[in-house]
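Take a look at the structure below.
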Amino acid sequence: MRNYFIAGNWKMHKTRAESAALATALVAQLKDGKHKYLVAPSFTSLETVGKIVAGSNILLGAQNMAAEEIGAHTGEVSVLQLKDLGVQVVILGHSERRHVYKEDDALINKKVKLAIKHDLEVILCVGETLEERESGKAEKVCETQTEKGLDGVSAAEFEKVTIAYEPVWAIGTGKTATPEDADSIHAYVRKVVSRLYGAEAAKAVCIQYGGSVKADNAAQLMAKANIDGALVGGAALKPETFVPIAKFG
Ligand code: PEP
């Protein structure tokens, strides 16, 4: 079996006490899990959750970070502050960052390079809107976001990158891409990676799918040749919905 990577993005949910309860349950219930795991709580819960997952098989992730290392950036959180809390992975370019907070490829690329410079793993999210899909641009959009997001990232640095294909129209909507549709974009992104970094890197890269992943569709998605894991939003908020996804197969 491949080394699947199952990540939970808790978004702007949960107080510290609620985060602690979820993290504690996941540590207990995933301790015999076979895959690679990550939880990404809010910034405010990182320290609390970090202490709970330390030494377990669950990595600590952040949902975003500033594009600058330090300085006068009111309201931002820096890579140094994340490292200080034991963060190991950062999610960058999530569709909510791109579409609600208007982050563009250049800004996301700056963050990707800064995170890697500080030895964080990166989950780079790419994905098309419904309008882009309906006008036949899904592949092109994912190609551009992948290429621009990775601009200036060397082949050695790329080993720290996971790509998450998250069609915007499937996030939080209950609509999932069919396993076939998702797999076809994953295969395309893998080709883009091959062009950028070579065939070995394309084979090795982990490409997660995200967009209304649930216990009842996880196994079908993961069975596809090019789907190597999941980035889970809504279903990551409760042990009873996340654990069955995390333990699929
Ligand atoms: C996400 O936000 O990354 C996501 C995939 O959300 P959901 O699972 O709720 O669609």
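Using the numbering used here, the first residue of the sequence shown is number 94, and each one after it goes up by one.
Note that beta-carbon positions come from the ideal geometry of N, C-alpha and C, so glycine has one too.
Proximity of residue i and residue j at Cβ, strictly below 8 Å
i: Lys206; j: Gly168; result: no
i: Cys299; j: Gly265; result: no
i: Val142; j: Ala116; result: yes
i: Ile216; j: Val170; result: no
i: Gln238; j: Val261; result: no
i: Val286; j: Ala275; result: no
i: Thr334; j: Ala311; result: no
i: Ser149; j: Lys107; result: no
i: Leu119; j: Pro337; result: no
Any non-hydrogen atom of the ligand PEP within 7 Å of residue i CB
i: Ser305; result: yes
i: Val325; result: yes
i: Glu259; result: yes
i: Ala263; result: yes
i: Ala155; result: no
i: His279; result: no
i: Asn310; result: no
i: His187; result: yes
i: Ala270; result: no
i: Ala339; result: no
i: Ala133; result: no
i: Asn102; result: yes
i: Ala328; result: yes
Cβ-heavy atom distance, residue i to the ligand NAP, below 7 Å
i: Leu314; result: The model depicted lacks the ligand NAP and carries the ligand PEP instead.
Residue i burial status per 10 Å Cβ neighbour count (16 or more: buried)
i: Gly326; result: buried
i: Tyr194; result: exposed
i: Ile151; result: buried
i: His279; result: buried
i: Lys268; result: exposed
i: Thr288; result: Before going on, a small fix: residue 288 reads as Arg here, not Thr. Exposed: under 16 other Cβ atoms inside 10 Å.
i: Ile184; result: buried
i: Arg283; result: buried
i: Asn202; result: buried
With three or more beta-carbon pairs closer than 8 Å as the criterion, would you say the region 96 to 112 touches the region 141 to 160? yes
State whether the region 248 to 264 contacts the region 300 to 316, with contact taken as three or more CB pairs (one from each stretch) at a distance under 8 Å. Yes: the two stretches touch, three or more of their Cβ pairs being nearer than 8 Å.
The region 222 to 233 in contact with the region 195 to 202 per 3-pair CB rule at 8 Å: no
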